[in-house]
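For reference, the structure is listed below as structure tokens.
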Amino acid sequence: MAVVLSNEFVSRGICRMTVAFKGDVLPGQFFMLRAWDKDPLLSRPISVHDYEDGKLTFLYQVVGKGTEMLSRLTPQSDVTLQGPLGNGFPRITGDLCVVGGGIGIAPLYYLVKNYRKHNPDGKCRVYLGFRDVAYGVEDFEQAADEVNLDIGGIITDQLQVASGEVVVTCGPEVMMKSVAKVVPAENRVYVSLEAHMACGIGACLGCTCATKYGNRKVCQDGPVFLRDEVFYV
Amino acid sequence: MSKQLATKFGEILFKNPVVPASGTFGFGREYEAYYDLEKLGGLCSKGLTLEPKPGNSGIRLWETPAGLMNSIGLENPGIDAFIEKEWPHLKELDTVTVVNVGGKDEESYLQAIEKLNAIEVKLIELNISCPNVKAGGMAYGMKAKTAGDITKKVVKLSNHPVMVKLSPNGDSVADIAKACEESGALGISLINTVQGMAIDYKKKAVVFDNLYAGLSGPAVKPIALRMTHQVCQAVKIPVMGMGGISTWEDALEFIMAGATCIQVGTMNFVNPLAPLDIIDGLQAYCEKEGLANIAEVRGIF
Numbered sequence: 000m001a002v003v004l005s006n007e008f009v010s011r012g013i014c015r016m017t018v019a020f021k022g023d024v025l026p027g028q029f030f031m032l033r034a035w036d037k038d039p040l041l042s043r044p045i046s047v048h049d050y051e052d053g054k055l056t057f058l059y060q061v062v063g064k065g066t067e068m069l070s071r072l073t074p075q076s077d078v079t080l081q082g083p084l085g086n087g088f089p090r091i092t093g094d095l096c097v098v099g100g101g102i103g104i105a106p107l108y109y110l111v112k113n114y115r116k117h118n119p120d121g122k123c124r125v126y127l128g129f130r131d132v133a134y135g136v137e138d139f140e141q142a143a144d145e146v147n148l149d150i151g152g153i154i155t156d157q158l159q160v161a162s163g164e165v166v167v168t169c170g171p172e173v174m175m176k177s178v179a180k181v182v183p184a185e186n187r188v189y190v191s192l193e194a195h196m197a198c199g200i201g202a203c204l205g206c207t208c209a210t211k212y213g214n215r216k217v218c219q220d221g222p223v224f225l226r227d228e229v230f231y232v
Numbered sequence: 000m001s002k003q004l005a006t007k008f009g010e011i012l013f014k015n016p017v018v019p020a021s022g023t024f025g026f027g028r029e030y031e032a033y034y035d036l037e038k039l040g041g042l043c044s045k046g047l048t049l050e051p052k053p054g055n056s057g058i059r060l061w062e063t064p065a066g067l068m069n070s071i072g073l074e075n076p077g078i079d080a081f082i083e084k085e086w087p088h089l090k091e092l093d094t095v096t097v098v099n100v101g102g103k104d105e106e107s108y109l110q111a112i113e114k115l116n117a118i119e120v121k122l123i124e125l126n127i128s129c130p131n132v133k134a135g136g137m138a139y140g141m142k143a144k145t146a147g148d149i150t151k152k153v154v155k156l157s158n159h160p161v162m163v164k165l166s167p168n169g170d171s172v173a174d175i176a177k178a179c180e181e182s183g184a185l186g187i188s189l190i191n192t193v194q195g196m197a198i199d200y201k202k203k204a205v206v207f208d209n210l211y212a213g214l215s216g217p218a219v220k221p222i223a224l225r226m227t228h229q230v231c232q233a234v235k236i237p238v239m240g241m242g243g244i245s246t247w248e249d250a251l252e253f254i255m256a257g258a259t260c261i262q263v264g265t266m267n268f269v270n271p272l273a274p275l276d277i278i279d280g281l282q283a284y285c286e287k288e289g290l291a292n293i294a295e296v297r298g299i300f
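Just so you know, the sequences run in chain order A and B. In this text, residue positions in the first sequence follow numbering that gives the first Met the number 0: the first is 0, and each later residue adds one. In this text, residue positions in the second sequence follow numbering that gives the first Met the number 0: the first is 0, and each later residue adds one.
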């Protein structure tokens, strides 16, 4: 059980919640959240947006009953957290290029912040795409060297990747597949997948994805995979 | 071991009647991070088939009010990989590991059973009730005749006691249970998931590639409780009841309906500690009611 410190809408249908949590949390990991008894039945897998000084932040989209109930939590109320779960992003050395679409930007902020901390001399460029309204952009602008924004278009139209940059993408599947296609084969590309999950710990086999090594679990073996592992190229 | 909760299922001693259900517990490893598996009465392995199975394509999970639909399709590493990689670990545990076996036809059931003769399994759970595979699976469990026939052949071939896991989707479940009993089953477990359907009206599409899927969770509990009662009335062999059990009170209701053990399924996804909470709740109930053993309230209706 964790205590909600703040929980506010930052854009239409997009909420940012901070809770008190102590532990080791890596960028790209997620938590299972619930703040109800048995309806809805399952907890909601939500990725880590930021973690610092015992404050764990989630940026999430209200899409159904569960996230709607999360959005109504007030400061000092309790939320049940299970996690951190999943492997998260690998530690990145060299230059980083991040491509996020919609609520897929959520795990990328902590990645960029963490990258900056460990690579003070590295270059970090960010591309963010939104369907109609942008959010969270200022945070990226503080943490990254360069932020490119697209609203209503196709983010990959302007994507230019430099030689040697490691690319990390999270967003709608169609966007990630497009990123995987336009980035040259020599650049390493990581994709962070989303899937329906029941348990989040590898038991239900509900989030299985096909990889070139056979079936893998998005929750336990991912959610981050190399683009060629999951047939995105 | 708790004197109040120690339970004999046939000749097999369970330290308590609480057993995580097949398909919700992997091979136990995922839950070892949360608690000591030896606290459990037993555990049921993921459903195993002779050959490895990749499972179903497309969406596999769909939430419903107080329920969960799944179409996993028996994804599993196959019997050989289980014996090689999972059994060495499971056999060391001081709890009853129940090995769940499925098949696509009679031959594949029997070959799987034969392979399991090589290891010291305490109890096999014969799955003739999976609604999510096209061949075999539930087909054997819909009618008393086919259920009895496959049970007879499996019991004859197996070195181990066999419990048959029944479907709620076929003919009278009591008749099917009786046929399994007459064919030599040591016990019955029920219910597997209730076959259902989901449609995404916005996409004008069915949700599951396999069209229908299996519903579990609290939504199915009253059906499961009724069927457990019917089977307990119909057979003399012990029964493991399951279907939407989420609290110790639910578990107690199944025991009062006649179940010897109970299985916890979907609730493992909701709260990984659910089986332990149920064990603790049953223990506290026995103490409060002054029961020497939980059996005192078993089958009271």
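Just so it is clear, CB atoms sit at the ideal spot from N, CA and C, and this is done for glycine as well.
At the C-beta level, M68/B and G242/B stay beyond 8 Å of one another.
Contact with chain B is found for L41/A, since one of that chain's Cβ atoms lies less than 8 Å from the residue's Cβ. Minimum Cα-Cα distance from I149/B among the listed residues V132/B, P167/B, V100/B, L275/B corresponds to V100/B. From the beta-carbon of S245/B, the residues of chain A found nearer than 8 Å are K37. Between P26/A and the set L4/A, V132/A, H117/A, G63/A, the nearest pair of CA atoms involves H117/A. Secondary structure in the region 210–293 of chain B: the beta strand (DSSP E) runs of 3 residues or longer, each lying completely within the stretch, are 211–215, 238–240, 260–263 in chain order. The alpha carbon of Y211/B has as its nearest neighbour, out of G22/B, Y30/B, K45/B, R59/B, the alpha carbon of R59/B.
Residues of chain A with a Cβ closer than 7 Å to the Cβ of E29/B are, in chain order, I200, G201, A202. Interface criterion met: the Cβ of F268/B is under 8 Å from a Cβ in chain A. Chain order gives the chain B residues near A197/A as L60, L67, F268, where near means a beta carbon separation below 7 Å. Contacts with chain A at 8 Å (Cβ-Cβ) do not include P167/B. In the DSSP assignment, D49/A falls outside any alpha helix (DSSP H) and lies within the beta strand (DSSP E) extending over 49–51. Its Cα nearest to that of T79/A, the residue D36/A stands out among M174/A, D36/A, K211/A.
For the region 39–63 of chain B, the set of residues with a beta-carbon nearer than 7 Å to any beta-carbon of chain A comprises P53, G54, I58, R59, L60, E62, in chain order.
Taking a Cβ-Cβ cut-off of 8 Å, the neighbours of G205/A in chain B comprise R59, L60, N69, I71, given in sequence order. It is roughly 40 Å from the alpha-carbon of Y139/B to the alpha-carbon of A291/B. When secondary structure is reduced to three states using DSSP, T94/B falls in the coil class, being assigned neither helix nor strand. In the three-state reduction of the DSSP assignment, E185/A falls in the coil class, being assigned neither a helical nor a strand state.
Residues are counted here when their Cβ sits less than 7 Å from a Cβ of chain B; for the region 77–90 of chain A the count is zero. At a Cβ-Cβ threshold of 8 Å, V153/B and I190/B do not count as neighbours. Note: N69/B is bridge-paired with L60/B, G213/B in the DSSP secondary-structure output.
Annotation note: the region 32–96 of chain A contains the following uninterrupted beta strand (DSSP E) runs of length 3 or greater, listed N- to C-terminal: 43–46, 49–51, 54–60, 77–84. Per DSSP, the continuous alpha helix (DSSP H) segment holding G147/B begins and ends at 143–156. For M196/B, the three-state secondary structure derived from DSSP is strand. Between L4/B and I278/B, the gap from beta carbon to beta carbon is short of 8 Å.
For K114/B, there is no enclosing beta strand (DSSP E); the residue is part of the alpha helix (DSSP H) that begins and ends at 105–115. From the beta-carbon of N214/A, the residues of chain B found nearer than 9 Å are P53, G54, E74.
Burial is judged here by how many other beta carbons sit within 10 angstroms of a residue's own beta carbon; S5/A has fewer than 16 and is exposed.
Within the same chain, N55, S56, G57 come within 7 Å of D208/B by CB-CB distance, once the 5 residues on both sides are set aside.
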